[in-house]
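These notes concern the structure reproduced below.
Protein chains: 2
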Amino acid sequence: MAAKSEQTRQLVADVALKMFREIGFEKTTMRAIAQEAGVSVGNAYYYFASKDELVQELYIQVQDEHAVVAAQALEGVQDLAGRLKAVLHTGVDVMAPYHQFGSDFIATAIRPSSPVNPFGAASTAAREASLAIFRSAVEGSPPAVAKKLRGDLPELLWLAYMGVALFWVYDQSEGQRRTRKLIDGAAPLVARGLSLAKIPGVSKVFDDVLGLVRNVKEDS
Amino acid sequence: MAAKSEQTRQLVADVALKMFREIGFEKTTMRAIAQEAGVSVGNAYYYFASKDELVQELYIQVQDEHAVVAAQALEGVQDLAGRLKAVLHTGVDVMAPYHQFGSDFIATAIRPSSPVNPFGAASTAAREASLAIFRSAVEGSPPAVAKKLRGDLPELLWLAYMGVALFWVYDQSEGQRRTRKLIDGAAPLVARGLSLAKIPGVSKVFDDVLGLVRNVKEDS
DNA sequence: ACTCATTCTTGAACACGTTCAAAAAATTTC
DNA sequence: GAAATTTTTTGAACGTGTTCAAGAATGAGT
């Protein structure tokens with residue numbers, strides 16, 4: 000088994016993530032990581048082709064943790080608003096230790112070329128995992144959501160989650176209180192807004208929105 | 000008159016923007032700008048404290064142009080959907096020459112510390128100018144929009160515009176066709192969606208959305 | 001045990017954005 | 001106009017992410 004190799008890789012990743020948390024992204028230089036881990040700079044690059052890939056490591060880890068705690072928080076919660084709250088709040092929870100570093104993360108993640116870009120090909124797995132959380136949030140709430148919406152809803156909610164994450168990055172209130180408030184306010188509103196889809200006049204607009212989303216998504 | 004000094008400043012800015020357009024952001028190094036402009040690197044830094052500030056220069060210029068062409072495109076258009084389309088399409092028009100460079104721009108702009116961050120203090124003037132465009136788009140369309148929405152609508156539309164810009168950055172279809180399609184589809188939908196505010200059951204949800212926006216915006 | 005190939009590790013080197021002490025040029029003061 | 005002051009300009013230097021040729025360690029086959 001490639002024990003030694005994997006060990007070095009983990010060591011570098013662990014040291015890097017620890018330093019990200021403790022002193023931030025920019026101050027965590029590749030040289031500092033290497034020194035702290037007791038390896039050469041080039042060796043760190045043997046395992047991670049760029050500093051961005053270390054961010055990807057963080058991204059995956061945070062995502063995994065989110066899946067666990069979200070599943071836990073969803074237990075016993077039935078209504079869509081509550082389930083949405085659970086998923087969003089736990090999402091913010093797992094990101095919390097990295098808040099000061101959030102803006103650098105977003106700046107890294109937002110470039111199409113980045114392995115961490117949430118829309119990109121390189122993070123398909125992570126995105127799927129995240130989408131799955133929202134799918135389970137939607138599927139667990141029995142009647143509230145109109146049939147035709149069920150299919151696209153998880154993806155739309157995930158997109159909204161990206162928006163919340165962006166808001167969170169800019170949120171300088173202590174403990175990111177404002178983000179919490181946004182979640183608490185927006186989740187019931189989304190649920191109520193969706194229930195409006197039953198009103199005839201509104202239903203048509205919903206249809207068109209979904210049509211547009213599908214249309215734009217499939218390029219053509 | 001500080002002719003000489005201003006001349007150097009303009010020269011550096013012009014060369015930089017030209018290179019941004021022609022070879023992209025990353026390949027346009029400060030050394031290359033200086034060389035092309037016939038000044039020293041340090042001299043470029045005398046006028047622009049960072050490469051980001053050169054991006055800010057671009058941002059302001061694009062914004063100014065948007066104000067001009069949008070005002071032109073709004074002439075004679077009455078309905079909200081049409082006016083929204085006009086503003087959004089012209090917005091994409093003025094950004095077009097910089098599309099390949101868009102992702103770098105966004106990555107720069109998104110960090111809270113950046114002078115170009117659209118939400119930040121350093122770009123208040125530019126944001127106000129952009130907001131004014133949306134304000135005039137809303138105010139020019141007579142009856143369609145409910146009173147209570149008028150006040151906040153420009154800001155919300157501006158926010159949506161930021162979303163469109165983000166979409167545009169990722170849009171790799173030729174000529175950013177998909178973004179055009181998104182605008183054409185979304186503008187009428189927004190207008191129709193807003194007209195739903197008259198329906199009693201819907202109106203309540205709209206009120207709550209506005210309440211949430213205001214609540215979250217004012218921190219507290 | 002001895003080759004040979006593969007995997008892992010090293011540290012010097014590169015180009016980049018940025019800084020800064022010092023020089024040059026322009027301007028103001030007398 | 002000379003001296004003093006301010007504005008502008010220079011280029012070497014720093015620390016950064018990243019690359020790469022070269023060497024060391026490991027493992028496979030005989």
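The listed protein sequences derive, respectively, from chains Z and R.
If you read the first sequence in numbering that gives the first Met the number 0, its first letter stands for residue 0, the second for the next number, and so on.
If you read the second sequence in numbering that gives the first Met the number 0, its first letter stands for residue 0, the second for the next number, and so on.
We put the beta carbon where it would ideally sit given N, CA and C, even for glycine.
Being a predicted model, the structure only gives us computed values, none of them experimental.
The residue from PHE118/Z, GLY37/Z and TYR160/Z with its alpha-carbon nearest to that of VAL91/Z is TYR160/Z. No residue range can be given for ASN116/R, since it is assigned to no alpha helix (DSSP H) and is classified by DSSP as neither H nor E. ILE132/Z carries a helical assignment under DSSP once its states are collapsed to helix, strand and coil. For SER202/R, the three-state secondary structure derived from DSSP is helix.
Secondary structure remark: continuous alpha helix (DSSP H) runs of at least 4 residues inside the region 39-89 of chain R, in chain order: 40-46 and 50-73. Rounded to the nearest whole angstrom, the C-alpha separation of PHE104/Z and GLU173/R is 29 Å.
Taking all protein chains in view, the Cβ of GLU52/Z is crowded by 16 or more other Cβ atoms within 10 Å, so the residue is classified as buried. The beta carbon of ALA164/Z sits no closer than 8 Å to any beta carbon of chain R. When Cβ pairs closer than 8 Å are counted between the two stretches, the region 180-194 of chain R is seen not to touch the region 123-134 of chain R, the count staying below three. For ASP63/R, the closest C-alpha among the options ILE182/R, TYR45/R, LYS84/R and MET94/R is that of MET94/R.
Going by DSSP, ARG177/R is part of the alpha helix (DSSP H) stretching over 176-194. Restricting attention to PHE166/R, SER135/R, ALA185/R and MET29/R, the CA atom closest to the CA of ASP151/R is found in SER135/R. For ASN214/R, the nearest beta carbon of chain Z is closer than 8 Å to its own beta carbon. At a beta-carbon threshold of 8 Å, the residues of chain Z lying near SER102/R are ILE109, ARG110, PRO111 and SER112, ordered along the chain. With contacts defined as CB atoms closer than 8 Å, GLY200/R and LEU195/Z qualify as a contacting pair. Close partners of ARG191/Z in chain R (Cβ separation under 7 Å): VAL204.
With contacts defined as CB atoms closer than 8 Å, ALA85/R and ALA69/R qualify as a contacting pair. In the structure shown, GLN6/R falls within a helical segment according to DSSP collapsed to helix, strand and coil.
It is roughly 22 Å from the alpha-carbon of ARG20/Z to the alpha-carbon of GLU5/Z.
With its beta carbon at least 8 Å from every one in chain R, TYR45/Z lies outside the interface. Taking 8 Å as the threshold, the shortest C-beta distance from VAL208/R to chain Z falls below it.
Taking 9 Å as the upper bound on Cβ-Cβ separation, chain R lies near no residue of the region 19-47 of chain Z.
Counting every other CB atom within 10 Å of its CB across the protein chains shown gives GLN175/R a total of 16 or more, marking it as buried. Residue GLY139/Z holds the alpha-carbon nearest to the alpha-carbon of VAL76/Z among ARG177/Z, LYS216/Z, GLY139/Z and VAL14/Z. Sequence-ordered contacts of the region 72-98 of chain Z with chain R are nonexistent [C-beta pairs closer than 7 Å]. For GLU217/R, there is no enclosing alpha helix (DSSP H), as DSSP marks it with neither H nor E.
In the three-state scheme derived from DSSP, where H, G and I count as helix and E and B as strand, GLN99/Z is classed as helix. Assignment of ARG149/Z by DSSP, reduced to helix, strand and coil, places it in the helix class. Judged by DSSP in its simplified three-state form, ARG110/Z adopts coil rather than helix or strand. Within its own chain, the residues whose Cβ lies closer than 7 Å to the Cβ of ALA186/Z, once the five positions on either side in sequence are excluded, are ALA80, LEU83, LYS84 and LEU87, listed in chain order. Using a Cβ-Cβ cut-off of 8 Å, ALA106/R counts as an interface residue toward chain Z, since at least one Cβ of chain Z sits closer than that to its own. At a cut-off of 8 Å between beta carbons, ALA159/Z makes no contact with chain R. Contact annotation: VAL38/R and ARG30/R have beta-carbon atoms that are not nearer than 8 Å. The DSSP-derived three-state label of GLY210/Z is helix. Shown here, GLU25/Z sits in coil according to DSSP, grouped into three states, outside any helix or strand.
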